[in-house]
Each structure stands twice: as C-alpha cells, then as structure tokens.
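Colleague: Residue numbers (the UniProt record's numbering): 1 to 681. C-beta atoms are modelled at their ideal positions from N, C-alpha and C, and glycine is treated no differently. Computed from a predicted model, the values in this text were never measured in an experiment. Please see the structure below; I have some questions.
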C-alpha cells in the first residue's frame, strides 16, 4: 500500500519504500553533546516481519509547518532528520490492513553506547583518540574541526565503558563538543571546540511575535544563574616533584561575590602548569555556560542544536545580544490528516501542527559541556605480566619503571609498547639510596591505580605463578626465607641470601655467583659464640692487605697455621717477633729449618746436622757456655783461640801458644810432652 505524503507536515522514508508508511506523531530531543532522540508513531500496511527488519536501518523524517513546501532538492522547507531505528513497538491490533508502530530514531553514534571495551591509547592527542574510536566502530560520516592545539596524552585507557561514554568524557574534559547536521541520505557527526565552527541558521533574524509566524517566536525568557567563580586544581608530577602545579582560573561572569566561590579538585591530571591552565579554563567555561541562557518556543522547524541564530533584542533592552548558539531543541508534531477520522480512536483527528521549544546561550560564551560522564573507577588491584623487547630479560628506564601487559588487554603484543612506563614501589626509596629490585620480563606483578584511575597504574607487589615458581620447593622448604636472583642473560646462576629457621639448625646462607665485594668504612666485629669458623679458598689466592696493625689472640686452645702444599712465606718490612710469654716456642720441619740473614745462616737438617754460617760468629753466655758431644772439633783456617781474660791458648798454622799469669798442667796418669825440640825454662 502506498501513502500520499505530498501535502503532509510529517513524512517518513524507510527501507520499506518511499511511501510505504505514514508518519503520524513525532517528539524529538536534540542537544549539543548528546545523541538526538526522536520518538515517532507511524502506520504501515507492510508485513510485521518486514517492519521488524527495520531495526538498525536508516530512516529519514521530514517535518515542518502546515503549508511548507514538501519537496525539493533538500526536502523543501520542511527540515529533514536522518537517523537509524533503535527501537520498534508494534501495536496489538491492526485495522483495515494497517498496523501502528512506535519507534525511536537515533544517530549512528548512539550505537557506540551498546559496546564495551578495554583499550589502551598511548602518545595520542584527544582528537586522534576520538577519531580512532569512530573509525574502529565504523561511524560513516564525521568531521572534526578544532582551533586549539592539544598535547599528546601519554597513556589513556578506555576501561570497561562504552565507546560513546569514553569519547564523551574525553570531550567534556578537554572542551570539545558535538552536534549533528542532516541532509537527505545521511547525517554527519560534527565535533569542535569553538562556537565559530558551528553552522549559521538558514533563516533570517527571529522576532518575538504574538501570533504564529514562519520565523516567529511565541515565547521567550531569559534565565540567569549563580555559579562558581573560580576553578582551582592541583597535581603532582614525579619527574618535577618540587614544582607547585596548582592552577587557578577565575570566571569572567560579573556577579556579586561569585569569585569568592571556588571549586577545588585534585588530581587535575596534567603534567605541568601550562596543561593545567588549559584544563582549568575549560571547566570554568562550563560553569559560565550555566550563567545566562534563553529559553523560547516557536514553530521554526529548521532549528537544530549546534546552530547559530539571530534573535532581535526586545524593545526594553536594545543592547541585548543578537547572536545565540542553540544548545537544545525539542520538536513536536502530529499529522493524522491521512484519515478523515482517527481510525485508532474513532474521533475526528486534530489539526496537524508543529511546534518546538529551545534553549540557547550568547554565542560569545564558549560552549563547554558539563562533566556528566563519569570516569571508570578501578575497584582494587590487578595483576599483569612484565613485558619488554624481544630477547631482553630486563627492560627499564632511569626511574626503575617497567612496562606491563594486563590480562584484559587483547590487543597488546607483550612487548615494549604494551603499556606506559609504570612506576614500581620499592621498600625504600631515597635520593641515591634505598632498595632497588626491578621486575623482570615475564614476571607477574600486582598493579594498583592511584585514585582508582585506570590511567594511573602503579606496581605495588609481585606474585609467583605456575610459570614463575618460588626458589625453594614448597611446602617442604617453608622454613626458608630470603632472596635469590637469577643470572642474566640466560640464567644458570644466582646470588642468594637465605634464612633457614629450622629449630636447632637455624642457618643464614649467602651465595655470590661470581664476586663478593664488601666495604666497611669503620669497624667490623664478628663474634662466634661457640662452634667453629672456616674459610676455604678452593682455587685461587687468599690475599689480605692490612693498612695498620694486625693482632690475633687465641684466648684458649692452640693456633695452627698450615700449608698443605708449596711454600709458606711470611714477609716483614721491619722487625718481626715470634714470642711465647708463658710457654715454649716450637718450630718443626720435616727436612730442614734454616734461619737466614744476609750472609749469615743457621741450618738444621733432619739427620741431626746443624750448620751455623757467618762472617763473624759469637757465642756469649753471661754465666757459662757448655759444648758437649761425643766428639768436639773446633777449627780455624787461620787461627783458633781459647781464653779467659789475659789467659789464652792460641792455635795458628805454625804453633800453639799458651800464656797466662799461671799455667797448671796436670795428669792423673801419664803426662807426656813431646816435640822436635822441647824447652822447659
């Protein structure tokens, strides 16, 4: 069945065909930065299954004043709204082969509200993020025109929220807004940050008129509101921790005591004062939008949110603003003229009509949306896996930060681009001192979020899992605690400090895989209460360098210094003393003992031979010197002398001379004196 929509103020075109339905009622809400919504009623003779298939398809609605031209290259004087069906309600009854339907028509962007995602954006501006989201969700027609320059956002997360909520909250934060422009066959999403990029009205200046007029306003009122006068924010940047990042932006609205009322917030989510001032300006401008607005009613169907209109000032205030930006328009129309009687109620239909209501602000006031879209809140910590470049085991920056991949991230590639640099909590962090342990690639870490903000992750802990198991087998080694590292790259070694708390076998175990270097600036004291102390150098050399005195005291027990192989050498640049204060000094050797000083030496051999060698040898005894042996031989190559005081016996190569004050020669037995010549005085 075809309907004649030529002379009607309402018209509808769907995939059923140009005249396959008749539009009877329309109520539409169109606001800046909100998807428009048109609730309609239409009748059609099409099969129910065909109508149900309209869900999600395109639809065009025309509406205007009675008598407006119906057609033309752009739909004539009647304005067109292009959108998509999001809801259909079928009436329970049909009459004369027709059924009435209720429907809701929305823009394509509304369908982004039926999605949900978790997605990470890095080093992109707010405009680039919005554009990427629109392309991901196949928004066909959109235009972004901005006058401001936006900095790159280091890390931004769409977190468990719809794509529509995500881009709306970004626009609210940075001062962007959107509206729709319609034409036959399509609607275009327009995004901007300045009133000048909105579109001018295609009709002349509007006036308040007491009667209906094509370009007249029947009702008009001005509304003024008290708001906040100052927006103040603070933040903290760990890269410039001493910088004061507080920013304040006062309102331009001149209302009594307004500037005394401050809105203060933390954190402002900006890295420096320049970025903070821009965000504060956006928020105070959003307050200023609420200060002054105009509300009106009329019959101008061509009004659209996002349109600039001119309104003639009233006679009582000729200095009033003339140019306004429409922020909200409500359309209402009915046309049951297709039937001579209302076949649904049996009554004569009311006259077709169109009317609207609108709100607007002075165009000189920058439009900014209120921050009504909440940012998702992370209600607790998560775990993630540390990531980095392929082939690396540790990947960090100068702040000991690491990259991670969250378990919900289905787009990350587990590499150095998986996340922003994430700060790591250490047990102690000072200026050039503290504790440092950098999570390694593949390890599982606990990630919390500052203020519950998904854009502000911080690592607060680490946990084991089936691929990253503890260093000691559990639960058997539950008595052990400590730390153990892993040699990098490739593993196969470790440094370790382990405490074994087994009762009666308590132990502290320290292991260095390669070198162990210890530096003590003052004293070191070690006390072994009982038991033994052992130092074993399995290969290599044991060297101790003492720049001072060394004292070893054995209070009880013995002191043994043994060399299993090769030579034991003790060197002293100055005097060396070996003494026993209360007992003996015993020096033993298996083959020989030799004392050597310059050209002098004493050599003791294992066979009992003792050799004393030197240029001059003196044996002195204060009381006596005893030389006793089975055989005693005293020889001199030039001379041998034995004497006491003036008495002496001298042996040389020629003779033996004995002299003294008195000489006594006696024998118990035979006393024989022989010689070639014997003289007796």
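1) Whose CA, out of 454, 353 and 485, lies closest to the CA of residue 469?
2) Would DSSP call residue 174 helix, strand or coil?
3) Does the separation of the CB atoms of residue 447 and residue 404 fall below 8 angstroms?
4) Work out the CA separation of residue 62 and residue 74 for me, nearest whole Å.
5) Quick check: what's the CA-CA separation for residue 654 versus residue 584?
6) The beta strand (DSSP E) spanning residue 380 covers which residue range?
7) What does DSSP give as the partner residues of residue 12 in its beta bridges?
8) What does a CB cutoff of less than 7 angstroms around residue 420 pick up in its chain, not counting 5 residues either side in sequence?
9) Using only the alpha-carbon positions, how far apart do residue 206 and residue 307 sit?
10) Spatial neighbours of residue 514 within its chain, please: CB distance less than 8 angstroms, with the 5 preceding and 5 following residues excluded, ordered by chain position.
11) Along the chain, where does the alpha helix (DSSP H) containing residue 273 start, and where does it finish?
12) Pull up the distance between the alpha-carbon of residue 69 and that of residue 78, whole angstroms please.
13) Pull up the distance between the alpha-carbon of residue 166 and that of residue 107, whole angstroms please.
14) What is the residue span of the beta strand (DSSP E) that residue 52 lies within?
15) Run through the DSSP bridge pairs and tell me what residue 356 is partnered with.
16) I need the straight-line Cα distance from residue 184 to residue 60, nearest angstrom please.
17) Would you say residue 100 and residue 86 are within 8 angstroms of each other, going by their C-beta atoms?
18) Tell me the start and end of each unbroken beta strand (DSSP E) in the segment 133-173 that is at least 3 residues and wholly inside, in chain order.
19) How many Å lie between residue 310 and residue 58 at the Cα?
20) What's the gap between the Cα of residue 376 and the Cα of residue 241?
21) Whole angstroms are fine: how far does the CA of residue 490 sit from the CA of residue 163?
22) Residue 594 lies in the beta strand (DSSP E); which residues open and close that run?
23) Taking the alpha-carbon positions, what's the residue 18 to residue 42 distance?
24) What are the boundary residues of the beta strand (DSSP E) that includes residue 26?
25) Around the C-beta of residue 71, are 16 or more other C-beta atoms found within 10 angstroms, so that it is buried, or is it exposed?
26) Please list, in chain order, all residues of the same chain as residue 193 whose beta carbon is under 7 angstroms from its beta carbon, the five residues on each side excluded.
27) Find out if the Cβ-Cβ distance for the pair residue 499, residue 481 is shorter than 8 angstroms.
28) With a CB to CB cut of under 7 angstroms and the five nearest residues on each side skipped, what residues in its chain are close to residue 225?
29) With H, G and I counted as helix, E and B as strand and the rest as coil, what does DSSP make of residue 452?
30) Of all the beta strand (DSSP E) runs that stay within the bounds of the segment 473-559, which reach a length of 3 or more residues?
31) Candidates 573, 556, 536 and 544: which alpha carbon is nearest residue 564's?
32) Apart from the five residues just before and just after residue 612, which ones in its own chain have a Cβ nearer than 7 angstroms to its Cβ?
33) If we require 3 or more residues per run, which beta strand (DSSP E) segments fall completely within the segment 562-587?
34) Report the residue ranges of all beta strand (DSSP E) runs contained in full by the segment 598-636; include only those spanning at least 3 residues, in chain order.
35) Can you name the residues that DSSP bridges to residue 231?
36) Specify whether the segment 352-360 and the segment 228-242 touch according to this definition: at least 3 beta carbon pairs, one from each stretch, less than 8 angstroms apart.
Modeller: Looking at the coordinates:
1) For this step, residue 469 is matched to residue 469 along the chain shown. Measuring from the Cα of residue 469, the nearest candidate turns out to be 485.
2) Reading the chain shown from its first residue, position 174 is the one you call residue 174. Helix.
3) Against the chain shown, residue 447 aligns to sequence position 447. Against the chain shown, residue 404 aligns to sequence position 404. Cβ atoms of residue 447 and residue 404: closer than 8 angstroms.
4) By 1-based counting over the chain shown, the position of residue 74 is 74. By 1-based counting over the chain shown, the position of residue 62 is 62. Legend: pLDDT at residue 74 = 36, less than 50; position of this residue unreliable, value from coordinates given subsequently. C-alpha separation (whole angstroms): 11 angstroms.
5) The count along the chain shown starts at 1 and reaches residue 654 at position 654. The count along the chain shown starts at 1 and reaches residue 584 at position 584. Cα-Cα distance, rounded: 47 angstroms.
6) As a first step, residue 380 is located in the chain shown; it is residue number 380 there, counting from the start. Looking at the DSSP string, residue 380 is not in any beta strand (DSSP E), and its letter there is neither H nor E.
7) Taking the first residue of the chain shown as position 1, residue 12 is located at position 12. The partner list for residue 12 (beta bridge, DSSP) reads 61.
8) Here residue 420 is taken as the residue at index 420 of the chain shown, counted from 1. Closer than 7 angstroms at the Cβ level, and outside the excluded window around residue 420, lie 122, 154 and 155.
9) Sequence index remark: in the chain shown, residue 206 carries index 206 (1-based). Sequence index remark: in the chain shown, residue 307 carries index 307 (1-based). Whole-angstrom Cα-Cα distance: 13 angstroms.
10) What you label residue 514 is simply residue 514 of the chain shown in a count that begins at 1. Take residue 514, set aside five residues on each side of it, and the residues of its chain with a beta-carbon closer than 8 angstroms to its own are 493, in chain order.
11) In the chain shown, counting from the first residue as 1, residue 273 sits at position 273. 273-289 is the extent of the alpha helix (DSSP H) around residue 273.
12) The sequence position of residue 69 within the chain shown is 69, counting from 1. The sequence position of residue 78 within the chain shown is 78, counting from 1. For residue 69, the predicted model reports a pLDDT of 49, less than 50, meaning its position is unreliable and no value from the coordinates is stated.
13) Indexing the chain shown from 1 puts residue 166 at position 166. Indexing the chain shown from 1 puts residue 107 at position 107. Distance between the alpha carbons of residue 166 and residue 107: 17 angstroms.
14) Taking the first residue of the chain shown as 1, we reach residue 52 at position 52. Per DSSP, residue 52 lies in no beta strand (DSSP E); the unbroken alpha helix (DSSP H) holding it starts and ends at 48-52.
15) Translated into positions along the chain shown, residue 356 becomes position 356. DSSP lists 298 and 331 as partners of residue 356.
16) In the chain shown, counting from the first residue as 1, residue 184 sits at position 184. In the chain shown, counting from the first residue as 1, residue 60 sits at position 60. One C-alpha to the other measures close to 7 angstroms.
17) Indexing the chain shown from 1 puts residue 100 at position 100. Indexing the chain shown from 1 puts residue 86 at position 86. Result no, Cβ atoms of residue 100 and residue 86 do not sit closer than 8 angstroms.
18) Fully enclosed beta strand (DSSP E) runs of 3 or longer: 142-145 and 153-161.
19) Walking along the chain shown from the start, residue 310 turns up at place 310. Walking along the chain shown from the start, residue 58 turns up at place 58. Those two C-alpha atoms are separated by around 32 angstroms.
20) On the chain shown, position 376 is the one that residue 376 refers to. On the chain shown, position 241 is the one that residue 241 refers to. For residue 376 and residue 241, the distance between alpha carbons rounds to 27 angstroms.
21) The residue given as residue 163 occupies position 163 in the chain shown. The residue given as residue 490 occupies position 490 in the chain shown. Taking the straight line from one Cα to the other gives about 43 angstroms.
22) As a position in the chain shown, residue 594 is number 594, starting the count at 1. Start and end: 592-597.
23) As a working note, residue 18 is residue 18 in the chain shown. As a working note, residue 42 is residue 42 in the chain shown. Straight-line Cα distance between these residues: approximately 13 angstroms.
24) Taking the first residue of the chain shown as position 1, residue 26 is located at position 26. Note, residue 26: beta strand (DSSP E), 21-31.
25) In the chain shown, the residue the question calls residue 71 occupies position 71. Low confidence applies to residue 71: its pLDDT is 45, below 50, so where it sits in the model is not reliable, and the reading given next is rough at best. Under this definition residue 71 is an exposed residue.
26) Within the chain shown, residue 193 is the residue found at index 193, counting from 1. Closer than 7 angstroms at Cβ, skipping near neighbours: 146, 147, 148, 175 and 176.
27) Mapped onto the chain shown, residue 499 falls at position 499. Mapped onto the chain shown, residue 481 falls at position 481. In this structure, residue 481 lies closer than 8 angstroms to residue 499 by Cβ.
28) Working through the chain shown from its first residue, we reach residue 225 at position 225. Closer than 7 angstroms at Cβ, skipping near neighbours: 290 and 291.
29) Residue mapping note: residue 452 aligns to position 452 of the chain shown, counting from 1. Secondary structure at residue 452: helix, using DSSP grouped into helix, strand and coil.
30) Taking 3 residues as the shortest admissible run, the segment 473-559 contains the following complete beta strand (DSSP E) segments, listed from N- to C-terminal end: 480-484, 496-500 and 507-511.
31) For the purposes of this step, residue 564 is taken as the residue at position 564 of the chain shown. Minimum Cα-Cα distance from residue 564 among the listed residues 573, 556, 536 and 544 corresponds to 536.
32) As a first step, residue 612 is located in the chain shown; it is residue number 612 there, counting from the start. Within the same chain, Cβ atoms closer than 7 angstroms to the Cβ of residue 612 are found at 602, the five residues on either side in sequence being excluded.
33) DSSP runs (the beta strand (DSSP E)) wholly in the segment 562-587: none.
34) Here the runs fully enclosed are 600-605 and 610-613.
35) Along the chain shown, one-based indexing puts residue 231 at 231. According to DSSP, which records beta bridges pairwise, residue 231 is partnered with 249 and 263.
36) Contact between the segment 352-360 and the segment 228-242 is absent: fewer than 3 CB-CB pairs across the two stretches fall below 8 angstroms.
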